[in-house]
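Worksheet: the structure to be examined is printed underneath.
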Ligand SMILES: *[C@@H]1O[C@H](CO)[C@@H](O)[C@H](O)[C@H]1NC(C)=O
């Protein structure tokens, strides 16, 4: 369910971390019931930490963060509120379905996204929007204090909503209760909200399609991160696979960015990571020649020994011969030998 919602609302709110905080509710109503998929669900976030949920199967508000269990009475109240909201919002969905002349045989998914943002200076912003099958239908305009249609077919619906004075009620809820909850939860979720520096692990793999470099970045918070592979310190290598940021159970995130490369003489590769916990871009170079460089060192060592032996032998022969004419000849032969050795290297 959570995955579905994030797919539909890919364009979420701008991330607000430093100083300001956001409480968001995502409500999903499906016009038809399917086994295993609750018809109605609420997922609640503080910033991008999912802290609570409710659905039409459990009919309970469940905290997803252990430390919030201290608010048992508050949660009971929230459960009652959510049960009432489930009824009114299902009715609201039926109204929309009628108003838009939708065929009841088809399954529609309605989503409501509501949020309050508490800024550092104490001011509050509120957002609310309703979407049908992933498309925006109506949005709450906080300047005009009313719902505005996002599409032509939602004009009537917006008018109706504004007549019902829902707009004002929503605004009052979002500005008061929503921010109260946010202030209540924040100290208990703080652990999850502190910035965590990403850790990085690079690896490579070989397949029929060639060499792949992987940059795994993990243990970071908040979620927003930029990870890319750079060739020769300047050219970005585009990844053919879309990398997804995945949540970890401890509230941190991870991502793996992989690129295909054709091995090239002298080319260098590095993974560049930008994250709000870092003062500047973290650059981790990929050591391509680890194995080869070992062999190079061995070859150089062998070469040096051979050279010493060759010179030693030459010197020995030279001394044995004790003739100056002959020795001239010898030295040039030795020089030829060393050149050959270098070619082998
Ligand atoms: C829960 O609701 C009751 C009745 O409305 C109210 O008296 C009480 O203060 C609420 N408790 C909390 C913690 O919100």
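Residue numbers (mature numbering (1 follows the signal peptide of the UniProt record, and there is no 0)): -18 to -1, 1 to 327.
Built from N, CA and C at the ideal position, the CB exists for glycine as well.
If you're wondering where the values come from, they're calculated on a predicted model, not measured in any experiment.
Check: When we look at the beta-carbon of residue 291 and count the other beta-carbons within 10 Å, is it buried (16 or more) or exposed?
Finding: exposed
Check: Grouping DSSP H, G and I as helix and E and B as strand, with all else coil, what is residue 261?
Finding: coil
Notebook entry, point to check: Between the stretch 26 to 33 and the stretch 157 to 168, are three or more C-beta pairs nearer than 8 Å?
Noted result: yes
Item checked: Cβ neighbour criterion (16 or more within 10 Å) applied to residue 315 -> For residue 315, the predicted model reports a pLDDT of 43, less than 50, meaning its position is unreliable and no value from the coordinates is stated.
Item checked: First and last residue of the uninterrupted alpha helix (DSSP H) at residue 222 -> Looking at the DSSP string, residue 222 is not in any alpha helix (DSSP H), and its letter there is neither H nor E.
Check: Quick one: does residue 53 have its CB under 8 Å from some CB of chain B?
Finding: The displayed structure is made up of one protein chain only, and chain B is not part of it.
Check: Would you say the beta carbon of residue 159 comes nearer than 7 Å to a heavy atom of ligand 1?
Finding: no
Margin query: Can you look up residue 146 in the DSSP assignment and give me helix, strand or coil?
Written below: coil
Next item on the list: Check the C-beta distance from residue 28 over to residue 3 and give it rounded, since I have them as a contact under 8 Å.
Entry: 7 Å
Next item on the list: Return the chain-ordered list of same chain residues with a C-beta closer than 7 Å to the C-beta of residue 43, the five sequence neighbours on each side being excluded.
Entry: 34, 36, 57, 60, 61, 64
Next item on the list: Determine, using beta carbons only, whether residue 258 and residue 206 come nearer to each other than 8 Å.
Entry: yes
Check: Whole-angstrom Cβ separation of residue 199 and residue 236, contact assumed at under 8 Å?
Finding: 7 Å
Checklist line | Range covered by the beta strand (DSSP E) that runs through residue 46 | finding: Neither: residue 46 is in no beta strand (DSSP E) and is coded neither H nor E.
Notebook entry, point to check: Hey, how far is the Cα of residue 101 from the Cα of residue 161?
Noted result: 10 Å
Next item on the list: Compute every distance between the C-beta of residue 59 and the non-hydrogen atoms of ligand 1, then say whether any falls below 7 Å.
Entry: yes
Margin query: Tell me whether the stretch 145 to 159 and the stretch 95 to 115 touch, counting them as touching only if at least three CB pairs, one residue from each stretch, are closer than 8 Å.
Written below: yes
Note to self: Using only CA atoms, which one of 226, 218, 233 lies nearest to residue 250?
What the structure shows: 218
Next item on the list: Apply the 10 Å Cβ neighbour rule to residue 22 and answer buried if 16 or more other Cβ atoms are within range, or exposed otherwise.
Entry: buried
Next item on the list: Can you grab the Cα-Cα spacing for the pair residue 223 / residue 241, in whole Å?
Entry: 8 Å
Note to self: Quick check on the DSSP output: what are the complete beta strand (DSSP E) runs of length 3 or more inside the stretch 176 to 230, in order along the chain?
What the structure shows: 181 to 189, 192 to 202, 207 to 213, 217 to 219
Next item on the list: Have a look at residue -3 and residue 234 and give me their C-alpha separation to the nearest angstrom.
Entry: A caution first: residue -3 carries a pLDDT of 37, below 50, which makes its placement in the model unreliable, though a value can still be read off. When rounded, the distance between both Cα atoms is 16 Å.
Next item on the list: Return the CA-CA distance between residue 174 and residue 204, expressed in angstroms with no decimal places.
Entry: 9 Å
Next item on the list: Sort out for me which residues DSSP pairs residue 255 with in a bridge.
Entry: 209, 264
Margin query: Looking only at its chain, what residues have a beta carbon closer than 7 Å to the beta carbon of residue 140, apart from the 5 residues adjacent to it on each side?
Written below: 120, 129, 130, 131
Item checked: Contacting residues, own chain, Cβ-Cβ under 6 Å from residue 20 (five flanking each side not counted) -> 37, 38, 39
Notebook entry, point to check: Do residue 163 and ligand 1 come close, with the Cβ less than 7 Å from some heavy atom?
Noted result: no
Checklist line | Straight-line Cα distance separating residue 118 from residue 88 | finding: 19 Å
Check: Is there at least one non-hydrogen atom of ligand 1 closer than 7 Å to the beta-carbon of residue 102?
Finding: no
Next item on the list: May I ask which residues mark the beginning and end of the alpha helix (DSSP H) holding residue 57?
Entry: 54 to 81
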